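In what follows, a single structure is set out as structure tokens and then discussed.
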Amino acid sequence: MKKKLSIAATGTALLATLAFAPIASANSQTNQQGNSPATSQVTPAQQAAPATDFSDQDIKTYVAAAEKVNEITNEYRPKVQSAPSEADQQVLIQQADQDMVRAIRAEGISVDKFLQINQAVQVDQSLANRVTQMIN
């Protein structure tokens, strides 16, 4: 399971998408209904045209949440990679996923909005520049 750490592209569970594959939209509504993000589906239309009109506050909140998600990813990545079985890996991924959802929400942003911004950053250079400026 040696894949590049990235906060962007396509996937389902948050840790899997952040640590082992790129991010896609997970539906926070399904999370709120108690379903796993892995059951969420992203339509091709959602992937093709992400919103890019985010406020500076949205971007600031996204950056703060992304930093927390990166910390959680860095904490869990070695645990997942050294887990003795695939079942153990899945348990760790689920735990990390829950920690990431809590961290994102604790920053005052919904999982949906976090993922929308994350997806938009991948296709909109001016938005990516705004995010980079807020990081620096």
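Those letters in the sequence shown? Residues -26 to -1, 1 to 110, per mature numbering (1 follows the signal peptide of the UniProt record, and there is no 0), in order. Glycine included, each C-beta is placed from N, C-alpha and C at the ideal position. Since the structure is predicted, the reported quantities are computational estimates derived from the model, not experimental observations.
Where Pro52 sits in the DSSP three-state scheme: helix
Check whether Ile46 and Asp73 have beta carbons under 8 Å apart: yes
CB-CB length for Ala70 against Tyr50, believed under 8 Å: 4 Å
Beta-carbon proximity of Lys34 to Ala77, cut-off 8 Å: no
Where Asn103 falls, given that 16 or more other Cβ within 10 Å makes a residue buried: exposed
Unbroken alpha helix (DSSP H) run spanning Glu60, endpoints: Glu60 to Ala80
Status (buried if at least 16 other CB within 10 Å, exposed otherwise) for Ala61: exposed
Ile109 and Ala39 closer than 8 Å at C-beta: no
Sequence-distant residues of its chain with Cβ nearer than 6 Å to Asp98 (five each side left out): Thr26
Other residues of its chain near Tyr36: CB distance less than 8 Å, five sequence neighbours each side excluded: Phe28, Ile83, Lys87, Phe88, Ile91, Asn92 and Val105
Option in Gln107, Ala94 and Leu66 with minimal Cα separation from Asn48: Leu66
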